[in-house]
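Visitor:
2 protein chains.
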Amino acid sequence: MDDQETGASKDRAAVTGDEVKVDLIAFVVAVNDGEPCVLTIGQADTLPSGPFALEHRSLQSGLRGWVEQQTGHPLGYIEQLYTFADRDRVGAERRQRAISISYLALTRKEQAASSPNCGWRSWYEYFPWEDHRSGAPPVELNVLRPRLIEWADGAGDAATRRERRQRTATAFGLDGRHWNEELTLQRYELIYEAGLVQEAGSGRDTTRASLVPSKSMVADHRRIVATGIARLRSKIKYRPVVFELMPQSFTLLQLQRTVEALAGRLINKPNFRRLIEQQELVEETGETSVDTGGRPARLYRFRHAVLDETPIVGTKLPVARG
Amino acid sequence: MDDQETGASKDRAAVTGDEVKVDLIAFVVAVNDGEPCVLTIGQADTLPSGPFALEHRSLQSGLRGWVEQQTGHPLGYIEQLYTFADRDRVGAERRQRAISISYLALTRKEQAASSPNCGWRSWYEYFPWEDHRSGAPPVELNVLRPRLIEWADGAGDAATRRERRQRTATAFGLDGRHWNEELTLQRYELIYEAGLVQEAGSGRDTTRASLVPSKSMVADHRRIVATGIARLRSKIKYRPVVFELMPQSFTLLQLQRTVEALAGRLINKPNFRRLIEQQELVEETGETSVDTGGRPARLYRFRHAVLDETPIVGTKLPVARG
DNA sequence: CCAGTTATAGTCAAATGGATTATAACTGGA
DNA sequence: TCCAGTTATAATCCATTTGACTATAACTGG
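Residue numbers (UniProt numbering), protein chains in the order written: chain A, 1 to 322; chain B, 1 to 322.
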């Protein structure tokens, strides 16, 4: 960064020695029996990951390789989430810089016989306050909200107090605002900032008395998951990615339940059906499913042709306001 | 992060030697006199960039440093675009891997006295087919469309022909479809794939006779710009980022012209005003502007409070359908 | 003073989207 | 066999949004 002269090329030559390690991290999602799940490895709650190496043809293929090797699970849909520089690692002899590239990937559970070293866990074990399918959960009403308000009011100056209350209110839909399921990351950051959650291996292991009951993850993996949930909740509204999580054929209610699992909130049934039908996202298989518990339901399959037809627009899924 | 046991860690230890270079690249945007512009450096059409180095506190601060150094321009709003692995560079002694992290940044032209080594160029010099403010431009009607159809029909098998025509039709709104201004990247990729554009320093310098008239850029920089335009065109519809490009106070028509410049299409005036007002994005300064050419217009300023109020929802800008 | 230009307000119909009701078709137990 | 419970499917209603248009106001320059 220190040199003479104009051009970028010269600067580049000057600092040519700086090399960093690159890690690829995957947030792999599946929906199993109406529960949205994340793929973890090892005993600890860890996302599949590995370094980007010379033998990898591309970033994505590197990621696929690591996930398949660590979990036995082939990946379908992949989307880049975010790239961030890790806090300085202390290398063997010198300061070591590292960056992580995180990805969102969608699959089906049955896709493969998973290796014994990995498993599926519900999102909501890590983010119990994100599941609003039965209204605001107790942990939010009884623990989170009072603690956050306490934290906000505990700030030194009035400006900070106002700002914290403001953020809490928007994040959780207080004071007449609406709950917005896409604010998963903002909520996590708020809770983290307030010291109400703690991650394994984080610097601050000051075993605080008043933590919100929730499963933690290694390093910053829970933050990556929060980013991925937010992205997915946003994406299902304008791209037909839900079908990556569905079996070959399904009933409309199964499809609805999957969307509800991801969004963490309930959807009005007739409206959901209307939207799916008028967008022609699916077509009937001609068969019906009997194990509905009531009247048999028609089975549908995804119309793959829509991927060519509407590249961006469409696939708006109605998520009721509250 | 490196230890023993449980799958991932062992693999990680095995390939621990792989290090790569990381480049930071900025697509810096300003709107000058109704033209959306990109900041370039040097004689060639190159985006500001530089390697991520040890002295950088974070990726973003590294990017800010390089842009400021190369152009004298301080950056305001920054957003990550995409991280990709470059094609293998051949290093001095061994194979050298490199990845690039690209960013979208918004500023105002007057922000600083720019250094002589850089300049602002209209987007539409690089993407003449993206400016639909006066309808579909001649270059699209007379050159692009026929060449693309020619290319599609020149495919070997029928399936490829159908697929190419399909993609062309959606990208350019043919056969009764609507023009979608957000498909900038898809359009560029299509044109690139068809061999109708060519970049400086790309492998394939087979000076083709029939290129579409447009300015090229160094390496894959034009692709980064296409990604950034698409992101920005999408973003202005749900986040109030336009105001990063506006002066302190402005008339509603100036605001509209700026949005139109970015979107590359015209907006219905009364509807635009209605939407801005009902969202309470702006407030009157109390003053009026005389140099409108007609009746004086009220001056407005951005209500910064909205950033706290509506973190995701809102700021939908109406972009007429056609 | 008049033609040209822009600002601002108001109207109207079509489309969208949320909520509700009604009826059909199955299961399992009384 | 009938009835309660459950789910599927169809249809309707109404408020809001949104695209398109019209009318009037206020300035400029010739």
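Glycine is no exception: its CB is placed at the ideal position from the N, C-alpha and C atoms.
For clarity, every value in this text was computed on a predicted model and none was experimentally measured.
Below 7 Å between beta carbons: does that hold for B:T71 and B:C37?
Guide: Taking 7 Å as the Cβ cut-off, B:T71 and B:C37 do not qualify as a contacting pair.
Visitor: If we count the other Cβ atoms within 10 Å of its Cβ and call it buried at 16 or more, is A:H73 buried or exposed?
Guide: Counting Cβ neighbours within 10 Å, A:H73 comes out buried, since at least 16 surround it.
Visitor: What is the C-beta distance between B:P51 and B:K21, in whole angstroms, given that I count them as a contact (C-beta under 8 Å)?
Guide: Yes, B:P51 and B:K21 are in contact; Cβ-Cβ is about 6 Å, under 8 Å.
Visitor: For A:S289, which residues from the same chain have a beta carbon less than 7 Å from its beta carbon, with the 5 sequence-adjacent residues on both sides left out?
Guide: Closer than 7 Å at Cβ, skipping near neighbours: T251, P296, A297, L299.
Visitor: From this set, B:S102, B:F272, B:A230, which residue's C-alpha is nearest B:L262's C-alpha?
Guide: Comparing Cα positions, the closest option is B:A230.
Visitor: Of the residues that make up the stretch 45-61 of chain B, which ones have a beta carbon closer than 8 Å to any beta carbon in chain A?
Guide: Hits within the stretch, in order: T46, P48, S49, G50, P51, F52, A53, L54, E55, H56, S58, L59.
Visitor: Excluding the 5 residues preceding and the 5 following A:L307 in the sequence, name in chain order all residues of the same chain whose CB lies nearer than 8 Å to its CB.
Guide: Counting only Cβ-Cβ distances below 8 Å, and skipping sequence neighbours, we find P240.
Visitor: Between A:Q43, A:E35, A:V29, which has its C-alpha nearest A:A200's C-alpha?
Guide: Comparing Cα-Cα distances from A:A200 to each of A:Q43, A:E35, A:V29, the minimum goes to A:Q43.
Visitor: Measure the CB-CB distance between A:Y103 and A:L63 and report whether it falls below 7 Å.
Guide: Their beta carbons are under 7 Å apart, which means A:Y103 touches A:L63 by this criterion.
Visitor: Buried or exposed: which applies to A:D45, given that a residue is buried once 16 or more other Cβ atoms fall within 10 Å of its Cβ?
Guide: Label assigned to A:D45: buried.
Visitor: Residue ranges of each beta strand (DSSP E) run of no fewer than 3 residues wholly in the stretch 18-83 of chain B, ordered along the chain?
Guide: Fully enclosed beta strand (DSSP E) runs of 3 or longer: 21-32, 35-41, 49-51.
Visitor: Kindly say whether B:Q248, judged by its beta-carbon, lies nearer than 7 Å to any beta-carbon of chain A.
Guide: Not one chain A Cβ lies under 7 Å of B:Q248.
Visitor: Please go through the same chain and pick out, in chain order, the residues whose beta-carbon is closer than 8 Å to the beta-carbon of B:P137, but skip the five residues on each side of it.
Guide: The residues are P128, W129, D131.
Visitor: Determine the contact status of A:A85 and B:L59, defining contact as a CB-CB distance below 7 Å.
Guide: Taking 7 Å as the Cβ cut-off, A:A85 and B:L59 qualify as a contacting pair.
Visitor: Quick check: the Cα distance between B:Q166 and B:I149, rounded to an integer number of angstroms?
Guide: About 10 Å.
Visitor: Does the structure place the stretch 215-228 of chain B close enough to the stretch 179-190 of chain B that three or more beta carbon pairs sit under 8 Å?
Guide: Result yes; three or more Cβ-Cβ pairs closer than 8 Å.
Visitor: Using CA atoms only, rank isn't needed, just tell me which of B:Q254, B:N142, B:V31 is closest to B:F272.
Guide: Checked all of B:Q254, B:N142, B:V31; the closest Cα to B:F272 is B:Q254.
Visitor: Quick one, are the C-beta atoms of A:R265 and A:E181 less than 7 Å apart?
Guide: Yes, they are a contact pair.
Visitor: With H, G and I counted as helix, E and B as strand and the rest as coil, what does DSSP make of B:T107?
Guide: B:T107 falls in the coil class under three-state DSSP.
Visitor: Give the interface partners of A:T83 over in chain B, defined as CB-CB distance under 8 Å, in chain order.
Guide: Per Cβ cutoff of 8 Å: L59, Q80, T83, I101.
Visitor: Roughly how many angstroms separate the alpha carbons of B:R233 and A:S115, rounded to a whole number?
Guide: About 43 Å.
Visitor: Have a look at A:P270 and A:F302 and give me their C-alpha separation to the nearest angstrom.
Guide: Going from the Cα of A:P270 to the Cα of A:F302 covers about 19 Å.
Visitor: Excluding the 5 residues flanking B:T292 on each side, which residues of the same chain have their C-beta closer than 8 Å to its C-beta?
Guide: So the list reads T251, L253, once near-sequence residues are dropped.
Visitor: Go to A:T160, then tell me how far its alpha helix (DSSP H) extends in each direction, as first and last residue.
Guide: Start and end: 158-172.
Visitor: Quick one: what's got a C-beta closer than 6 Å to A:G154's C-beta in the same chain, skipping five residues either side?
Guide: Answer for A:G154: no residue qualifies.
Visitor: Quick one: what's got a C-beta closer than 7 Å to B:G76's C-beta in the same chain, skipping five residues either side?
Guide: Hits under 7 Å: L106, T107, E244.
Visitor: For A:D220, count neighbouring C-beta atoms within 10 Å of its own C-beta (all shown protein chains included) and say buried if the count is 16 or more, exposed if not.
Guide: By the neighbour-count rule (16 or more Cβ atoms within 10 Å), A:D220 is buried.
Visitor: Which residues, in chain order, does the stretch 166-186 of chain A contribute to contact with chain B at a C-beta distance below 7 Å?
Guide: Here the close residues are Q166, T170, N180, E182, L183, Q186.
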